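Each remark here refers to the structure printed beneath this line.
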Amino acid sequence: MSCNHSHSHGHSHGDGHPPPPIPTNPSQSLNSFISTSQLNALNLNNETSLLPLLFKSYEQRYSVNPIFTADDDLIIHIPFTSPVKIYSVILRTANGAAKNIAFYKNQPGLDFESVGSLKATYKAEHPHVGLDKGQVDQLAANNVDSFEDDDTFVEHHLPRRLFSGVETFTLYFKDLWDDYDDDEVVLFSIEIRGEWTGLKRDPVVAIYEASAQLGDHKRVKENISNNVLM
1146 MSCNHSHSHG HSHGDGHPPP PIPTNPSQSL NSFISTSQLN ALNLNNETSL
1196 LPLLFKSYEQ RYSVNPIFTA DDDLIIHIPF TSPVKIYSVI LRTANGAAKN
1246 IAFYKNQPGL DFESVGSLKA TYKAEHPHVG LDKGQVDQLA ANNVDSFEDD
1296 DTFVEHHLPR RLFSGVETFT LYFKDLWDDY DDDEVVLFSI EIRGEWTGLK
1346 RDPVVAIYEA SAQLGDHKRV KENISNNVLM
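Numbered per the numbering used here, the sequence shown finishes at 1375, counting up by one with no gaps.
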């Protein structure tokens, strides 16, 4: 994780002490590989057309506009232009406005009816970190566009072996912290980091060409020679 983000989470809830997560850096951002026209969210209070603004560039990471909210639970489907391998997700939320997050690989049809019966690819508890509710209200009242505080970002490190070949990445925000004095999920930004693994269809052509028979090329050469003689 970049030194500009001070909270990093990737620990296991089981026994033992796993090694610390591998640090990421801004050059690994996958936000530019998101198919923004196909972004979708369930239970979001904002217009769906504003969703691309949630996935800010590194230079825009301190921006707090627009503020994205949802009543209680929220599902966000994030399609990519081609398969990727995901390393981590960096979130900026209101403090206490998100508690449990489930991450799903390639489940573009997931909704609130099916989420209870489908096992998540990975789950994490979002710490009690973020912009305080009073700060959020003050920023909105004063029409402030940005707020620089690196302590309000959290990076969730994901098991890399589970998130390769990702075409659609889904986040399910469930529950708020008990002492949070509101009933809304509040998000300011999402950054996904990992590795772009390239197009998936082009190799089919290469395989066909590589398996061509020598006799096929001989017949083509003979046909060309006959046409010249004619």
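C-beta: ideal position from N, C-alpha, C; glycine also. No experiment lies behind these values; they were computed from the predicted model shown.
With burial defined as no fewer than 16 other Cβ atoms inside 10 Å of the residue's Cβ, what is the status of residue i: buried or exposed?
| i | result |
| --- | --- |
| residue 1193 | exposed |
| residue 1225 | buried |
| residue 1330 | buried |
| residue 1177 | exposed |
| residue 1261 | exposed |
| residue 1166 | buried |
| residue 1259 | exposed |
| residue 1200 | buried |
| residue 1101 | With the chain covering 1146 to 1375 only, the question about residue 1101 has no answer from this structure. |
Whose C-beta lies closer than 6 Å to the C-beta of residue i among residues of the same chain, with five residues either side of it excluded?
| i | result |
| --- | --- |
| residue 1217 | none |
| residue 1210 | 1290 |
| residue 1338 | 1169, 1173, 1174, 1232, 1233 |
| residue 1237 | 1297, 1298, 1333, 1334 |
| residue 1310 | 1228 |
| residue 1275 | 1238, 1239, 1240, 1297 |
| residue 1221 | 1186, 1316 |
| residue 1281 | 1239 |
May I ask which residues mark the beginning and end of the beta strand (DSSP E) holding residue i?
| i | result |
| --- | --- |
| residue 1245 | 1245 to 1250 |
| residue 1269 | 1267 to 1270 |
Between residue i and the rest of its own chain, which residues show a CB-CB distance below 8 Å, the 5 nearest in sequence each way excluded?
| i | result |
| --- | --- |
| residue 1265 | 1247, 1248, 1249, 1317 |
| residue 1191 | 1211, 1213, 1214 |
| residue 1277 | 1239, 1240 |
Just to confirm my understanding: we take residue i, look at its own chain, exclude 5 residues before and 5 after, and list those with CB closer than 7 Å. What are they?
| i | result |
| --- | --- |
| residue 1267 | 1248, 1303, 1304, 1307 |
| residue 1189 | 1213, 1215, 1219 |
| residue 1198 | 1211 |
Assuming residue i contacts residue j (C-beta within less than 8 Å), just tell me the rounded distance between them.
| i | j | result |
| --- | --- | --- |
| residue 1233 | residue 1203 | Incorrect: roughly 14 Å between the Cβ atoms, too far for contact. |
| residue 1230 | residue 1342 | 6 Å |
| residue 1223 | residue 1292 | Between residue 1292 and residue 1223 the Cβ distance is about 24 Å, and since that is not below 8 Å, they are no contact. |
| residue 1327 | residue 1242 | 7 Å |
**Study point:** beta strand (DSSP E) segments (min. 3 residues) lying fully within the segment 1272 to 1331
**Key:** Whole beta strand (DSSP E) segments, 3+ residues: 1298 to 1302, 1311 to 1319.
**Study point:** Any alpha helix (DSSP H) of 4 or more consecutive residues that is wholly inside the segment 1188 to 1213
**Key:** Runs of the alpha helix (DSSP H) inside the segment 1188 to 1213: none found.
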